[in-house]
Amino acid sequence: MTTAGPPDFEFDTEDDAYTPRPRDTWIAGRAESSPDTAAVTHPVDDTEVATVAVPTPEQAATAVETAVGLGRIDDEQLRTGALQIAAGELEARHEELSELLTAESGIPLRWAQREVDDAVAVLRYAARHPLPREGRVSSDGGVTTLIHDVPRGPVLGVASPEAPLRSAAHAVAAALAVGAPVIVAAGTATPLSALALGEALGEVGLPEGAFSVLPGDEPEAGDLVRIDTTARSRGAAVVVTDIPDVADVADVAERIAVAATRQGGMRPEAVRRAVVCAAVADELLPALTSAVEAQPTGSAYDTSVSVGALPADITERAAAWLSEATAAGATVLAGGTSGEPTLVTGTEDEPTCGPVLAVTVADEPEEALAAVAVPGAATPAVGLFTGDTALAMRARSHLEAARVVVGDVPDYDPATVRITMHAITTPQLTTLT
Numbered sequence: 001m002t003t004a005g006p007p008d009f010e011f012d013t014e015d016d017a018y019t020p021r022p023r024d025t026w027i028a029g030r031a032e033s034s035p036d037t038a039a040v041t042h043p044v045d046d047t048e049v050a051t052v053a054v055p056t057p058e059q060a061a062t063a064v065e066t067a068v069g070l071g072r073i074d075d076e077q078l079r080t081g082a083l084q085i086a087a088g089e090l091e092a093r094h095e096e097l098s099e100l101l102t103a104e105s106g107i108p109l110r111w112a113q114r115e116v117d118d119a120v121a122v123l124r125y126a127a128r129h130p131l132p133r134e135g136r137v138s139s140d141g142g143v144t145t146l147i148h149d150v151p152r153g154p155v156l157g158v159a160s161p162e163a164p165l166r167s168a169a170h171a172v173a174a175a176l177a178v179g180a181p182v183i184v185a186a187g188t189a190t191p192l193s194a195l196a197l198g199e200a201l202g203e204v205g206l207p208e209g210a211f212s213v214l215p216g217d218e219p220e221a222g223d224l225v226r227i228d229t230t231a232r233s234r235g236a237a238v239v240v241t242d243i244p245d246v247a248d249v250a251d252v253a254e255r256i257a258v259a260a261t262r263q264g265g266m267r268p269e270a271v272r273r274a275v276v277c278a279a280v281a282d283e284l285l286p287a288l289t290s291a292v293e294a295q296p297t298g299s300a301y302d303t304s305v306s307v308g309a310l311p312a313d314i315t316e317r318a319a320a321w322l323s324e325a326t327a328a329g330a331t332v333l334a335g336g337t338s339g340e341p342t343l344v345t346g347t348e349d350e351p352t353c354g355p356v357l358a359v360t361v362a363d364e365p366e367e368a369l370a371a372v373a374v375p376g377a378a379t380p381a382v383g384l385f386t387g388d389t390a391l392a393m394r395a396r397s398h399l400e401a402a403r404v405v406v407g408d409v410p411d412y413d414p415a416t417v418r419i420t421m422h423a424i425t426t427p428q429l430t431t432l433t
């Protein structure tokens, strides 16, 4: 298996032996070692993958202080060029990084390859769509106001163990697109791909303090604007009101089954609930049951595998949820054993983790939308399968969702970096009287 970065060793000159040196941390744009280290292990079988340098409190403080001292990175050409170069570096190491992701996180290789693609895509998207320098003009009563969006401060991006490379790239892309320094908190469970991103950024000529990648605990974030891609109160959902072409039933079922179970259902975009209108339920539910049963499981290094093995704590939590649901009257349509792709019906509760999908039937489209529009509990994304254009347009106002995807299941979209860019900026007004 390949690993990120050059083979970096400490040599014992007395007996010509050598031992691998821990992967460096990135402090204010520089690769540094540390007396503190942590072993990175595969989440399923606990085999050791690598050792990383964990920054000392002094190193972490230096990363924060240097980022705060840098303030803004105003040179747009430098920032966009850095994003393009970093994207190219990741793309050139595609196979290596895919294997690295699988090793550190257990993500099946086929989806690890997709994650590298997503990381490259979001860096390039941000490079093409940086924060406009020109700003906006507002005139009222003879007073002209120039409005520029500026960074709220240096950014702390918390990498997600379920998408370690993509989440780190998303935070970096958003920060550099708006001109903010960025610190990636990579944790110790899955820091290797984020450190590989640090290696790519180290080649692009950014100023000191523009980026840091810190395995270990999050640094004190008092002066930082925090982006947390790990926080999810609910999973994604799918609503199916009608399928205009009966030949598409199997395709829709397959898309939903994959979205619910791929990567063991642990993706940030994993679909947890599906609501199907009664008009299509008789055709879709059997097809969905078959599609869930057919999802390939096995070794994460087999590119035909979609689900993969899961850590014991995840399978235990999924089994506990399923036991409670069936005790309350839910019916298992597919799967049902530990770590197996599973489809249940007869419950309004949302599965908490694992490759488990809950499906319910609604009488009418408006009822189906209402079933996933829980007040005060926003769904990150909703996929809507419908041939009714008017319903598709109404869905936006009915659903508390960051995204509504019409005609497909929710998946990662590099354009969502714009949402993050908006969240880490604030308007700055210049008034001309």
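The opening residue of the sequence shown carries number 1 in the UniProt record's numbering; numbering runs sequentially from there. Where a beta carbon is used, it is the ideal one built from N, C-alpha and C, also for glycine.
* To do: State the DSSP-derived secondary structure class of residue 129, mapped to helix, strand or coil.
  => coil
Could you give the distance in angstroms between the alpha-carbon of residue 251 and the alpha-carbon of residue 272? 18 Å
| Terminal residues of the continuous alpha helix (DSSP H) containing residue 258? | 249-261
Report task. Return the CA-CA distance between residue 327 and residue 358, expressed in angstroms with no decimal places. Result -> Answer to the nearest angstrom: the Cα atoms are 15 Å apart.
If residue 216 and residue 54 are in contact, beta carbons under 8 Å, what's the gap, nearest whole angstrom? 4 Å
### Message
For residue 130, tell me which candidate among 429, 425 and 224 has the shortest Cα-Cα distance.
### Response
Ranking the options by Cα distance to residue 130, first place goes to 425.
- Query: Taking the alpha-carbon positions, what's the residue 339 to residue 293 distance?
  - Reply: Distance between the alpha carbons of residue 339 and residue 293: 12 Å.
query: What distance in whole Å lies between the Cβ atoms of residue 115 and residue 100, which are believed to be in contact at a cut-off of 8 Å?
result: The pair is not a contact, with the Cβ atoms about 11 Å apart (cut-off 8 Å).
(request) For residue 253, I'd like the list of residues in its chain whose CB is within less than 8 Å of its CB, leaving aside the five on either flank, ordered along the chain. (result) 284, 287, 288, 290 and 291
_Buried versus exposed call for residue 432 [16 or more other C-beta atoms within 10 Å across all chains shown]_ = exposed
* Return yes when the Cβ of residue 280 is within less than 8 Å of the Cβ of residue 243, no when it is not. => yes
Problem - Closest Cα partner of residue 421 within the set 107, 179 and 303 - result: Comparing Cα-Cα distances from residue 421 to each of 107, 179 and 303, the minimum goes to 179.
| said: Three or more C-beta pairs under 8 Å: does that hold for the region 141-155 against the region 167-184? | reply: yes
Q. Taking the alpha carbon of residue 43 as the point to measure from, which residue in 105, 94, 321 and 138 has its own alpha carbon closest?
A. 105
Leaving out five residues before and five after residue 31 in sequence, what residues of the same chain have Cβ atoms less than 7 Å from its Cβ? 24 and 202
* Applying the criterion that 16 or more other CB atoms from any shown protein chain within 10 Å of the CB defines a buried residue, is residue 147 buried or exposed? -> exposed
- For the region 156-192, which segments carrying the alpha helix (DSSP H) assignment without a break, of at least 4 residues, lie completely within its bounds, in sequence order? 164-178
Note to self: What would DSSP say about residue 370, mapped onto helix, strand or coil?
What the structure shows: It is helical.
Checklist line | Closest by C-alpha distance to residue 255, when choosing among 238, 182 and 400 | finding: Taking the Cα of residue 255 as reference, the smallest distance to any Cα among 238, 182 and 400 is reached at 238.
- Candidates 407, 314 and 235: closest to residue 400 by CA position: 235
Q. Per DSSP, what kind of secondary structure is residue 85 in: helix, strand or coil?
A. helix
Taking just the CA atoms, how far does residue 212 sit from residue 188? 15 Å
Check: In the region 33-102, which residue ranges form an unbroken alpha helix (DSSP H) of at least 4 residues, counting only runs that do not cross its ends?
Finding: If only complete runs of 4 or more residues are kept, the region 33-102 shows the alpha helix (DSSP H) at 57-70 and 76-92, in order along the chain.
In angstroms, rounded to a whole number, what distance separates the CA positions of residue 337 and residue 319? 7 Å
query = So who's on the other strand from residue 237, going by DSSP bridges?
reply = 273 and 382
Just verifying my parser: in three-state terms, what is the DSSP assignment at residue 113?
Assignment of residue 113 by DSSP, reduced to helix, strand and coil, places it in the helix class.
| task | Could you check if residue 342 is buried or exposed, using at least 16 other CB atoms within 10 Å of its CB as the buried criterion? | result | buried
For residue 26, which residues does DSSP report across the bridge? Residue 26 has 31 and 213 as its beta-bridge partners, per DSSP.
Practice item. Can you give me the start and stop residues for the beta strand (DSSP E) that residue 151 sits inside? Key: Residues 143-151.
| Is the distance from the Cβ of residue 97 to the Cβ of residue 193 below 8 Å? | Contact: yes.
- Task: Would you mind giving the Cβ-Cβ distance between residue 199 and residue 29, rounded to the nearest angstrom? I have them listed as a contact below 8 Å.
- Result: Between residue 29 and residue 199 the Cβ distance is about 12 Å, and since that is not below 8 Å, they are no contact.
In angstroms, rounded to a whole number, what distance separates the CA positions of residue 133 and residue 149?
9 Å
(message) Do residue 383 and residue 408 count as a contact pair if the criterion is CB distance below 8 Å?
(response) With contacts defined as CB atoms closer than 8 Å, residue 408 and residue 383 qualify as a contacting pair.
Practice task
Would you check if the region 159-166 and the region 113-128 touch, i.e. whether three or more CB-CB distances between them fall below 8 Å?
Solution key: yes
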